[in-house]
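Residue numbers (my numbering), protein chains in the order written: chain A, 12 to 376; chain B, 64 to 223.
Printed below as a string of structure tokens:
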């Protein structure tokens, strides 16, 4: 079987849902596929209130933002088809892609594709890191906030970025004891208000520390952590054993980029954005003119910026099918201005550097 | 120090503490948000426009202490749970602290709970004097506890 669409959106997280909504709202026939059984991406696990601008969803819980986006796409259902439990498995030439559901493999002919595949979690090398009871933070959130299952009773968190801090807080809310949070850098990586929130509930924060090994033979029974020097080398005789039945790794994300490579998009490695990302311009168009990108696949950030970049990609993908449109231009201009303000200031520095590097490389193409 | 351990030091706290003369006048907000992060719901939450961000959304909020009425509407709106209302004029010798509380069980008015400092260390039993948890707060309850005056900037959480 084969399908035909004008705009083909891969991934139903904040970026993909926003891109599909805008493209369909402007009038493009749009197909969105997502490999999970419930669209919304990571938002469906985000029980905390979002930061950002009160003009766009700040102060609202992620789960509520997911509901809003799902409601939005219902309003454009005459133009938009959504396929859940369906993965995009390959790009072919002649603007064709393959999609796979539980029951069928199909070909999709498209005019523009928007790839919003998100990211995968990083792991960490340490002794015994394959013991049962060691999870990624996304896995913990899925168990806890989607399925209502506690991953354990006493958990040690590794990583003090926003994900490590927020998941620690959610674990406390779920009744799990967070026995400590370990961070290799001398300073906490995420927002300090999140750190204060868990600290005042009694979670010790071990900055300039690393995990040496997980303890236990059949399952996690504890962990050995130690202090590290300024070159992140373990300091002898500073080992500390901590009892826990779970270890949660929140040590960063890497953009999920296989589809871009299949689509012959030029890639660039930008550390600030999480690794290899497809080169793209400020319209979120990659070096393959039919392929756009938005969300974490274009560089690790967070949901609000993913929504805005998705809106830009959706508007531009519509234009590449139907020609220039003042409404599309307005959506792009508004989203660009919001992105600029969200990325300003000292906490946005790394992202700005990373984004500037991508833009510079695009200019040199 | 905040960026190393998540605990705001007394030195760091000075930047956001209301002047003594303002504290004498009754309830006032303390916004313990000391980092330039892209977030601004507190600005629009304030009905008297006492919270300002001069350099846009990534600026730190600045509270005009003399305009702030201590109404507390900003408390549940802060995604960082970083806003507290303190009232030194509660009763002679006793003050109150109001804070966001997102853990079950939600305490009830009159209940005795354990007060925690910024490091999560128990500092004694305190009485809950008010709990606000309307649907508009979307499951962030605002709990007010009665504390000794000298604990007003030390107690920042409760264990029910």
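Glycine included, every Cβ here is placed at the ideal spot set by N, Cα and C.
- The beta carbons of residue 52(A) and residue 70(A) sit no closer together than 8 Å.
- Residue state for residue 155(A) is assigned as helix, using DSSP reduced to three classes.
- Taking 8 Å as the cut-off, the beta carbon of residue 300(A) is found no closer than this to the beta carbon of residue 287(A).
- Look at residue 40(A) here: in three-state DSSP terms it is coil, with no helix or strand label.
- Listed by position along chain A, the residues whose Cβ is nearer than 8 Å to that of residue 96(B) are 204.
- Counting only runs that start and end inside the region 250-299 of chain A, the beta strand (DSSP E) elements of at least 3 residues fall at 251-254, 257-260, 264-266, 278-281, 286-289.
- Distance between residue 290(A) and residue 128(A), taken at the CA atoms: about 15 Å.
- Within the same chain, and ignoring the five residues on either side of residue 79(A) in sequence, no residue has its Cβ closer than 6 Å to its Cβ.
- For residue 129(B), the closest Cβ of chain A is not nearer than 8 Å.
- Distance from the Cα of residue 157(B) is smallest, within the candidate group 76(B), 87(B), 74(B), 77(B), for 87(B).
- Within the region 145-158 of chain B, contact with chain A at the beta-carbon level (separation under 7 Å) is assigned to 145.
- In the three-state reduction of the DSSP assignment, residue 225(A) falls in the strand class, which pools E and B.
- A distance below 7 Å between beta-carbons, with the five flanking residues on each side excluded, links residue 117(A) to the following residues of its chain, in chain order: 12, 13, 14, 110.
- If you check each beta-carbon in the region 50-66 of chain A against every beta-carbon of chain B, the ones closer than 8 Å belong to 59, 60, 61, 62, 63, 64, 65.
- Partner residues in the beta bridge of residue 164(B), as assigned by DSSP, are 204(B).
- Going by DSSP, residue 15(A) is part of the beta strand (DSSP E) stretching over 13-15.
- Close partners of residue 161(B) in chain A (Cβ separation under 9 Å) are lacking, with about 15 Å as the shortest Cβ gap.
- The alpha carbon of residue 64(B) has as its nearest neighbour, out of 97(A), 198(A), 177(A), 119(A), the alpha carbon of 198(A).
- Against chain A, the CB of residue 219(B) has a partner CB under 8 Å away; the residue lies at that interface.
- Taking each of 141(B), 216(B), 145(B), 168(B) in turn and checking the Cα distance to residue 73(B), the smallest one comes out for 216(B).
- For the region 170-197 of chain B, the set of residues with a beta-carbon nearer than 8 Å to any beta-carbon of chain A comprises 179, 180, 181, 182, 183, 184, in chain order.
- In the structure shown, residue 351(A) adopts helical secondary structure according to DSSP, grouped into three states.
- DSSP places residue 185(B) inside the beta strand (DSSP E), whose first and last residues are 185-195.
- Per DSSP, reduced to three states, the secondary structure at residue 143(A) is coil, with no helix or strand assignment.
- In the structure shown, residue 121(A) falls within a coil segment according to DSSP collapsed to helix, strand and coil.
- Between residue 79(B) and residue 100(B), the CB-CB gap reaches or exceeds 8 Å.
- Taking a C-beta cut-off of 7 Å against chain B, the contacting residues of the region 345-370 of chain A are 352, 353, 355, 356, 357, 358, 359, listed in chain order.
- DSSP links residue 188(A) through a beta bridge to 165(A).
- Boundaries of the beta strand (DSSP E) harbouring residue 180(B): 175-180, taken from the DSSP string.
- Cβ-Cβ distances below 8 Å link residue 201(A) to 171, 172, 173, 174, 175, 176, 177 in the same chain, with the five nearest sequence neighbours on each side left out; the list follows chain order.
- For the C-beta of residue 164(B), not a single chain A residue is nearer than 8 Å; the gap to the nearest is close to 11 Å.
- Here residue 113(A) carries a coil assignment [DSSP, helix/strand/coil].
- With respect to residue 46(A), residue 98(A) sits close: the two C-beta atoms are nearer than 8 Å.
- Annotation for residue 106(A): 120, 121, 122, 301 place their beta carbon closer than 7 Å to its own, counting only its chain and skipping 5 residues before and after.
- Beta-bridge analysis with DSSP links residue 223(B) to no other residue.
- In the DSSP assignment, residue 115(B) forms a beta bridge with 125(B).
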